[in-house]
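Novice:
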Amino acid sequence: MTMNLMPRGVFARTFASSAMRATSLAEPKAYANHVPDIAPPPQTHGIHVATLQLKSHHAQTFDLDFFADFAMRAAHAFQIPTGGVAMLPIRTTLWTVPRGPFVHKKSQENFWRRIHRRSIKVYDASDETVERWLHFLRVHEMPGVASKVQLFRRYPLGVGRHMESAALVQDDTTPQDVRAMAEQILRAQKA
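Residues 942 to 1132 (this note's numbering) are what the sequence shown spells out, left to right.
Below, the structure written as C-alpha cells:
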C-alpha cells in the first residue's frame, strides 16, 4: 500500500473510526479536522545542518509515517526549520534458497524484504539544538523504525592550522619516553 505523505493524514488514521476507514483512504479532507497543521519556522540562512533518515521493514508504513511526523513536530517545537518529510525509493532485496539438497534443487523458496525510507532535512540550527532534538528522538524512538543521522559541522577559517599546531605540541615525545611507557604498560599487565 502506498500512501501520500500529508502532515494531517498520518495522525488522522489513529483517530478515524471504522466507518471512516471503510470509506476511501484517499480522501484527506475526511481526516482534516483531527490534527492541526504545523507551520515550520522560517529559514534564516538556508544552511543545511543535518539529514535524518528513517527506515522500516513493515509492510504498512504507519509507524514510519507516524514517527516522521513526530520528528517534524518535535523539530518545530525546538524552533528548527526543516524541509519536510521526503519519501525515498523503496529498496527491495530478494533471496532464493533451495528447499532441499541435490534432487530437490528445482524446488526453491524466495524470500524478499522491502525497506521503506523517509528523510528530513534540517536547516539553520546550532549544534547544541540539533543534539538536543536528536536526543529527544532517541528517548522517544519507536520499535520497528530505525534512524540514521548525517551531521554537517561548520568550522571557522584557520581551524586546520590550529589543529596542526596542537598536534606538533603533543608530538614532543622521544623514543626513550615511548619505551618507558611501553615497559610501564607491560608491568601493569603482568601484575
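Note that the Cβ used here is the ideal one computed from N, Cα and C, for glycine as well.
The model shown is predicted, which means the values in this text are computed figures rather than measured ones.
1. Taking DSSP as the reference, what is the three-state secondary structure of Q1020?
2. What does the Cβ neighbour count give for V990, buried or exposed, with the cut at 16 atoms within 10 Å?
3. Please determine, among P1039, D1068, T1023, the residue with the shortest C-alpha to C-alpha distance to R1095.
4. Based on the DSSP output, what are the partners of V1026 in its beta bridges?
5. What residues match up with R1032 in a beta bridge as DSSP calls it?
6. Is R962 helix, strand or coil when you go by DSSP?
7. Taking only three categories from DSSP, how would you classify T1002?
8. Apart from the five residues on each side of it in sequence, which residues of its chain come closer than 6 Å, Cβ to Cβ, to Q1117?
9. For L1078, is the classification buried or exposed, using 16 other Cβ atoms within 10 angstroms of its Cβ as the cut-off for buried?
10. Could you give the uninterrupted runs of the alpha helix (DSSP H) lying entirely in the region 1085 to 1122, keeping only those of 4 residues or more?
11. Run through the DSSP bridge pairs and tell me what H989 is partnered with.
12. Anyone know if the C-beta pair for I1021 and A980 falls short of 8 Å?
13. Roughly how many whole angstroms lie between the Cα atoms of D1006 and T985?
14. In three-state DSSP terms, what is Q1049?
15. Compare the beta carbon distance of D1004 and G1099 with 8 Å and say whether it is the shorter of the two.
16. Tell me the DSSP bridge mates of V1038?
17. In three-state DSSP terms, what is Q984?
18. Since A1027 and R1059 should fall inside the 8 Å C-beta cutoff, what is the C-beta to C-beta distance between them, to a whole number of angstroms?
Specialist: This is what the structure holds:
1. Here Q1020 sits in coil by DSSP.
2. buried
3. D1068
4. I1061
5. I1056
6. Its pLDDT being 37, under 50, R962 is placed unreliably in this model, and the coordinates cannot settle the point.
7. Residue state, collapsed to three classes: coil.
8. So the list is empty, once near-sequence residues are dropped.
9. buried
10. 1100 to 1111
11. Y1064
12. Not a contact, by the Cβ cut-off of 8 Å.
13. Straight-line Cα distance between these residues: approximately 27 Å.
14. strand
15. no
16. E1050
17. Q984 falls in the coil class under three-state DSSP.
18. 7 Å
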